[in-house]
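Have a look at the structure below before the remarks.
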Amino acid sequence: MNDVRNEELVRLSFRRELTPEEESHLESYFAANPEARAQWQEDRALGRALQSLADVPVSSNFTAGVLQAVDLEEAREQRGRESKARWRILLPRFGWPAAAALLILLFAHNRNTVKQERVVKVLAEASRVSSELKIVPEPDVVLQDFEVINQLVRTSASSDDELLMALQ
5 MNDVRNEELV RLSFRRELTP EEESHLESYF AANPEARAQW QEDRALGRAL QSLADVPVSS
65 NFTAGVLQAV DLEEAREQRG RESKARWRIL LPRFGWPAAA ALLILLFAHN RNTVKQERVV
125 KVLAEASRVS SELKIVPEPD VVLQDFEVIN QLVRTSASSD DELLMALQ
């Protein structure tokens with residue numbers, strides 16, 4: 005309890021002049037605690053230095069500026085909360101359809117990619133085959149024996165019919 009009283013006296017000494025009784029009590033406290041005296045003297049010197057400074061005039065619109073800054077900060081926080089609230093409202097409404105659309109797009113893209121890979125493989129195979137083929141002869145050379153070959157086909161077809169009739 006005595007320490008609380010002593011601390012209260014130290015604080016009072018900064019605000020007002022102490023009564024002789026309070027001053028004697030404070031001196032006895034400082035005699036028992038020299039560190040407290042040193043701290044008290046530093047604090048008093050600092051207080052005097054601060055009191056010696058001239059008061060800086062506050063601008064006439066200082067309060068209005070502070071209130072405007074507070075309003076701006078509140079508006080920013082409100083916009084942040086509203087934008088988060090919008091997403092929370094839109095997410096359940098459009099979440100599943102958006103996910104489904106994304107899956108469809110991914111499937112279509114994958115399918116298109118697979119088709120393109122197949123086309124590339126077919127073209128590569130066609131290129132390889134065409135490079136392996138010999139040069140095709142002129143149509144006159146290819147068709148010069150057409151009539152003879154055509155007669156052979158007709159003959160073999162009628163022979164097959166005769167053979168079929170014999171077997172039945």
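Under my numbering, residues 5 to 172 are what the sequence shown spells out, in order.
All C-beta atoms, glycine included, are put in the ideal place defined by N, C-alpha and C.
- What is the residue span of the alpha helix (DSSP H) that Val146 lies within? The count along the sequence shown starts at 1 and reaches residue 146 at position 142. Pro143 to Val146 is the extent of the alpha helix (DSSP H) around Val146.
- Task: Determine the DSSP secondary structure at Arg122, reduced to helix, strand or coil.
- Result: Position 118 of the sequence shown, counting from 1, holds the residue named residue 122. It is helical.
- Item | Secondary structure, alpha helix (DSSP H): runs of 4+ residues fully inside the stretch 16-79 | 24-36 and 38-56
- Message: Can you look up Gln172 in the DSSP assignment and give me helix, strand or coil?
- Response: Within the sequence shown, numbered from 1, the residue matching residue 172 stands at position 168. Coil.
- Message: Can you give me the C-alpha to C-alpha distance between Ser134 and Arg97, rounded to a whole angstrom?
- Response: The residue labelled residue 134 in the question sits at position 130 within the sequence shown. The residue labelled residue 97 in the question sits at position 93 within the sequence shown. Rounded to the nearest angstrom, the two C-alpha atoms are 57 Å apart.
- Cβ-Cβ separation, Leu30 to Leu13 (assumed contact under 8 Å), whole Å: On the sequence shown, position 9 is the one that residue 13 refers to. On the sequence shown, position 26 is the one that residue 30 refers to. Indeed they touch by this definition, with Cβ atoms about 5 Å apart.
- Query: If we count Cβ pairs, one from each stretch, closer than 8 Å, do we get three or more for the stretch 79-86 versus the stretch 48-65?
  - Reply: no
- Message: Given a cut-off of 7 Å on the beta-carbon distance, is the pair Tyr33 and Asn65 in contact?
- Response: As a first step, residue 33 must be located in the sequence shown, where it is residue number 29. As a first step, residue 65 must be located in the sequence shown, where it is residue number 61. No. Outside cutoff.
- Item | Secondary structure of Asp164, DSSP reduced to three states | Translated into positions along the sequence shown, residue 164 becomes position 160. Asp164 falls in the helix class under three-state DSSP.
- Item | Cutoff 8 Å; reference Phe18; Cβ partners in own chain excluding five residues on either side | Position 14 of the sequence shown, counting from 1, holds the residue named residue 18. Within the same chain, Phe18 has close Cβ partners Asp47, Arg48 and Gly51.
- Under a Cβ-count criterion, where at least 16 other Cβ atoms within 10 Å of its own Cβ denotes burial, should Asn6 be classed as buried or exposed? The residue labelled residue 6 in the question sits at position 2 within the sequence shown. Exposed, by the Cβ-count rule.
- Three-state class that DSSP yields for Leu137 in the structure shown: Indexing the sequence shown from 1 puts residue 137 at position 133. Reduced to three states, the DSSP call for Leu137 is coil.
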